[in-house]
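Heads up, the final residue of the sequence shown is numbered 188 in my numbering, and it's a clean run with no missing numbers.
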Amino acid sequence: MINAPAQGIAQPQSLSIPTLRPGPRLFWALCALLGVVLAAVLMTLIMSVPAPVPLARSADAMTVRDAVLARLNGAAADPLIELAPGVTARQSNIRGLSLGGRTYYYYVDGQPRFDPLARGVLVQDSVEVVLRDERGPQPLVIYTVITP
Numbered sequence: 041m042i043n044a045p046a047q048g049i050a051q052p053q054s055l056s057i058p059t060l061r062p063g064p065r066l067f068w069a070l071c072a073l074l075g076v077v078l079a080a081v082l083m084t085l086i087m088s089v090p091a092p093v094p095l096a097r098s099a100d101a102m103t104v105r106d107a108v109l110a111r112l113n114g115a116a117a118d119p120l121i122e123l124a125p126g127v128t129a130r131q132s133n134i135r136g137l138s139l140g141g142r143t144y145y146y147y148v149d150g151q152p153r154f155d156p157l158a159r160g161v162l163v164q165d166s167v168e169v170v171l172r173d174e175r176g177p178q179p180l181v182i183y184t185v186i187t188p
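Here it is, written out as structure tokens:
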């Protein structure tokens, strides 16, 4: 046993440190800020999504693609039209291809174009791209005229 004189027990002192406690106003301000940030991110994502393509069903687009490729490969009859001395183009490339009551036009990127869009008869806003096929050596683009 240790015999030591007791001088008293030290009493704890209360230290008052000011603390900032968030209230309801700060909570709602942070919620509003988070809502604005999320809305901005959502709008950015919505604006960066490409336009829906196409209005036609994919089965229709594949049917048109097969018909165009048959004409390009010579499997279907598609006479050549002489546009100028030494310049010829397929009739379907100039006048389009009618399937199912709609007229489809096409062009192959990297080759001379004689379709209505390339000739300036149509403007980009008046056409709807039905298919952009990049499986071949050069992309094939098939489009139709938007009817109001």
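Using N, Cα and C, we set each Cβ at its ideal position, and we do this for glycine too.
**Q.** Counted within 10 angstroms of its Cβ, other Cβ atoms place Asn113 as buried (16 or more) or exposed
**A.** Exposed is the call here.
**Q.** Check: Ile182 C-beta below 7 Å from any heavy atom of the ligand FMN
**A.** This structure lacks the ligand FMN; in fact it carries no ligand of any kind.
Q) Taking Cβ to Cβ, would you say Ala117 is nearer than 8 Å to Leu171? A) No. Outside cutoff.
Q. In or out: Asp106 buried (at least 16 other Cβ within 10 Å) or exposed?
A. Result: exposed.
Q: Measure the CB-CB distance between Tyr147 and Ala129 and report whether it falls below 8 Å.
A: Here Tyr147 is not near Ala129, since their CB atoms are 8 Å or more apart.
Q: Classify Gly54 as buried or exposed, calling it buried when 16 or more other Cβ atoms lie within 10 Å of its own Cβ.
A: Here residue 54 turns out to be Ser, not Gly, going by the sequence shown. Exposed is the call here.
Q | Beta-carbon proximity of Gln131 to Gln151, cut-off 8 Å | A | Contact: no.
Q | Rounded straight-line distance, which links the Cα of Gln164 to that of Leu120 | A | One C-alpha to the other measures close to 26 Å.
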